[in-house]
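Data block below; observations after.
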Amino acid sequence: MTKQFHDRSLSADALDQIFREARSYNGWLAKPVSDEQVHAIYELMKMGPTSANMQPARIVWVKSEEAKEKLASLAMEGNREKILTAPVTAIIGYDIDFHDELPWLFPHTDAKSWFEGDQEGRKQGAFRNSSLQGAYLMLAARALGLDCGPMSGFDNAAVDEAFFGDEPKHKSNFICSIGYGDPKSIFERSPRPDFDRFNRIA
């Protein structure tokens, strides 16, 4: 039972759905994910905080059979069936030139100037913050009653060419299949450490 620290805390059932009972699925039930659900995931995901509201994530939602086959062909063998059978797989990428959007995304100051002339710094910022946005995507999907199967294990350069070829400053980070997970596709949950093992309060 979760201790209620504040009257705005989520219910124990909600926390179970998003965290404690949520799993990373390897197989999927034959139930579709609609475009409306995809839009709903994004509408929640985009509200998560990023540095200077940079919003560097660039996402391709792979739904068509042709796109699934293309993506699966660029993944390691163990991930191919996961992609082919999932209703949708999100390619979470990032834009190295995210700073071009900052004048309207972060209008309080000239944030674009912070990143001009520093492509390496932009790469680091885009990768870090797109990783955050990918995590928000998974939490949003779970909150909406869907399951997730995040993956690396693919040829990033080949995926960039195949799915971001017209935008050379867009690079893939990781992928995440989304749908209704098949309980038969998961194994017993791996251990999670107690607080004291990896934490300290200074």
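For the sequence shown, full-length UniProt numbering begins at 1 and goes up steadily by one.
Cβ atoms here follow ideal geometry from the backbone N, Cα and C, with glycine treated the same way.
Note that the structure is a prediction, hence the values are computed from the model and not measured.
In chain order, P56, N129, L132 and Q133 place their CB closer than 8 Å to the CB of T50, counting only its own chain and leaving out the 5 sequence neighbours on each side. The C-alpha of V88 is placed about 7 Å away from the C-alpha of G179. For V159, the closest C-alpha among the options S34, E66 and K70 is that of K70. For G165, there is no enclosing beta strand (DSSP E), as DSSP gives it neither H nor E. If you look at M138, you'll find it in the alpha helix (DSSP H) that goes Q119 to A143. Counting only residues of its own chain and dropping the five nearest sequence neighbours on each side, F106 has a CB closer than 8 Å to the CB of A52, N53 and M54. Within the same chain, and ignoring the five residues on either side of V60 in sequence, the residues whose Cβ sits closer than 6 Å to its Cβ are I91 and F163. Of the candidates G153, K171 and S152, K171 places its Cα closest to the Cα of E161.
Residue environment analysis places A75 among the buried positions, since at least 16 neighbouring C-beta atoms fall within 10 angstroms of its C-beta. In this structure, C176 and G153 do not form a Cβ contact; the two beta carbons are roughly 12 Å apart against a cut-off of 8 Å.
A residue is called buried once 16 or more other Cβ atoms fall within 10 Å of its Cβ, and T85 is buried on that count. Counting C-beta atoms within 10 angstroms of its own C-beta, M45 has 16 or more neighbours from the protein chains shown and is therefore classed as buried. In the three-state reduction of the DSSP assignment, H108 falls in the coil class.
Annotated three-state conformation of A86 is coil, per DSSP. Distance check between R142 and each of A72, R23 and G165 places R23 closest, using alpha-carbon atoms only.
Rounded to whole angstroms, the gap between the alpha carbons of A111 and W28 is 43 Å.
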